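Protein chains in written order, with the working numbering: chain U, 3 to 116; chain P, 610 to 723.
Every residue gets a Cβ at the ideal spot worked out from N, C-alpha and C, and that includes glycine.
Values in this document were obtained by computation on a predicted structure and should not be read as measured data.
Following: one structure in structure tokens, then a few remarks.
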Amino acid sequence: GNSVTQMQGQVTLSEEEFLFINCTYSTTGYPTLFWYVQYPGEGPQLLLKVTTANNKGSSRGFEATYDKGTTSFHLQKASVQESDSAVYYCVLGDLGGSNYKLTFGKGTLLTVTP
Amino acid sequence: GGIITQTPKFLIGQEGQKLTLKCQQNFNHDTMYWYRQDSGKGLRLIYYSITENDLQKGDLSEGYDASREKKSSFSLTVTSAQKNEMAVFLCASSISGTSAETLYFGSGTRLTVL
Numbered sequence: 003g004n005s006v007t008q009m010q011g012q013v014t015l016s017e018e019e020f021l022f023i024n025c026t027y028s029t030t031g032y033p034t035l036f037w038y039v040q041y042p043g044e045g046p047q048l049l050l051k052v053t054t055a056n057n058k059g060s061s062r063g064f065e066a067t068y069d070k071g072t073t074s075f076h077l078q079k080a081s082v083q084e085s086d087s088a089v090y091y092c093v094l095g096d097l098g099g100s101n102y103k104l105t106f107g108k109g110t111l112l113t114v115t116p
Numbered sequence: 610g611g612i613i614t615q616t617p618k619f620l621i622g623q624e625g626q627k628l629t630l631k632c633q634q635n636f637n638h639d640t641m642y643w644y645r646q647d648s649g650k651g652l653r654l655i656y657y658s659i660t661e662n663d664l665q666k667g668d669l670s671e672g673y674d675a676s677r678e679k680k681s682s683f684s685l686t687v688t689s690a691q692k693n694e695m696a697v698f699l700c701a702s703s704i705s706g707t708s709a710e711t712l713y714f715g716s717g718t719r720l721t722v723l
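Structure follows, in structure tokens:
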């Protein structure tokens, strides 16, 4: 079956530091990959998505490249702000029997200190 | 734009009790979802509905029922609350439900069972 691995449960950074959140996935075919972000007290919201292998998605200063060779979709940001503090989920779309199932990683809690 | 409204925001129940969570969306989306969010486990799909009066089981449907009587609303019932259970239940919707679409989430119902 499909799986998504986010090894980092928590990341703590100071403002203006570089962010890297690791995400690897396992599936067959060429699914869509997503990053969702969840701010405190809110539901998750789409941060970015990439539908084509070897393409890059970007939004609000965040970037992620869909790397079919290494089955990775790492999230990066050059300079974080305190307002980026949230939980980040790497998510895999399903091209298998069901088109309706997404596979979520366990999430990475980002805390940015001023 | 649209919004997903979940009620109640907080739900406290007793062991063995039947509890109902409600969700309304004004996006006019066809597909709606219920996810369970546990700390450190990501999001897991309980039920989804492709259209009015349709119900499909997700990976975590045991112990739950769902109902989609109108396009705009989707309710979830915990058939017998488990003692010390704590989780956040998230409702979401998407235009039609293919795996490349964006999901729009509500802010959740936080369940505590005494």
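For a contact defined as C-beta to C-beta under 8 Å, what are the partners of Lys-650(P) on chain U? In the second sequence, the residue the question calls residue 650(P) occupies position 41. Under the 8 Å cutoff, chain U gives Lys-108.
Span of the beta strand (DSSP E) holding Cys-632(P)? Stepping through the second sequence from its first residue, residue 632(P) is reached at position 23. Here the beta strand (DSSP E) through Cys-632(P) covers 628–634.
Output the distance between the C-alpha atoms of Leu-94(U) and Ser-684(P), rounded to the nearest integer angstrom. The count along the first sequence starts at 1 and reaches residue 94(U) at position 92. The count along the second sequence starts at 1 and reaches residue 684(P) at position 75. Taking the straight line from one Cα to the other gives about 26 Å.
Residue burial classification, Gly-88(U) (beta-carbon count within 10 angstroms, cutoff 16): Stepping through the first sequence from its first residue, residue 88(U) is reached at position 86. Here the sequence assigns Ala to residue 88(U), which means Gly is not the residue at that position. By the neighbour-count rule (16 or more Cβ atoms within 10 Å), Ala-88(U) is buried.
Tell me which residues of the region 26–55 of chain U have at least one Cβ-Cβ distance to chain P shorter than 9 Å, keeping chain order. Pro-33, Thr-34, Phe-36, Tyr-38, Gln-40, Gly-43, Glu-44, Gly-45, Pro-46, Gln-47, Leu-48, Lys-51, Thr-53
In chain P, which residues lie less than 9 Å from Tyr-90(U) when you measure between Cβ atoms? Locating residue 90(U) in the first sequence gives position 88, counting from the first residue. Per Cβ cutoff of 9 Å: no residues; Tyr-90(U) is ~11 Å from chain P at best.
Below 8 Å on the Cβ atoms is my guess for Tyr-90(U) versus Gly-59(U); work out the distance and round it to an integer in Å. The sequence position of residue 90(U) within the first sequence is 88, counting from 1. The sequence position of residue 59(U) within the first sequence is 57, counting from 1. Not a contact, Cβ separation roughly 14 Å.
Exposed or buried, what is Ile-612(P) when buried is set at 16 or more other beta-carbons lying within 10 Å of its beta-carbon? The residue you call residue 612(P) lines up with position 3 of the second sequence. When all chains shown are included, Ile-612(P) counts as exposed.
Could you spell out the range, first to last residue, of the beta strand (DSSP E) harbouring Lys-79(U)? The residue given as residue 79(U) occupies position 77 in the first sequence. Element bounds for Lys-79(U): 77–79.
Assign Glu-18(U) to one of three DSSP states: helix, strand, or coil. Taking the first residue of the first sequence as 1, we reach residue 18(U) at position 16. DSSP places Glu-18(U) in coil when its eight states are reduced to three.
Apart from the five residues just before and just after Ser-670(P), which ones in its own chain have a Cβ nearer than 8 Å to its Cβ? Counted from its first residue, the second sequence places residue 670(P) at position 61. Within the same chain, Ser-670(P) has close Cβ partners Ile-655, Tyr-656.
I want to see whether chain A comes within less than 9 Å of Leu-104(U), judged by CB atoms only; does it? Structure shown: chain A not included; protein chains present are U and P.
Presumed contact (8 Å Cβ cut-off) between Ser-705(P) and Arg-677(P), rounded CB distance: Residue mapping note: residue 705(P) aligns to position 96 of the second sequence, counting from 1. Residue mapping note: residue 677(P) aligns to position 68 of the second sequence, counting from 1. Contact flag wrong, Cβ pair sits at about 15 Å.
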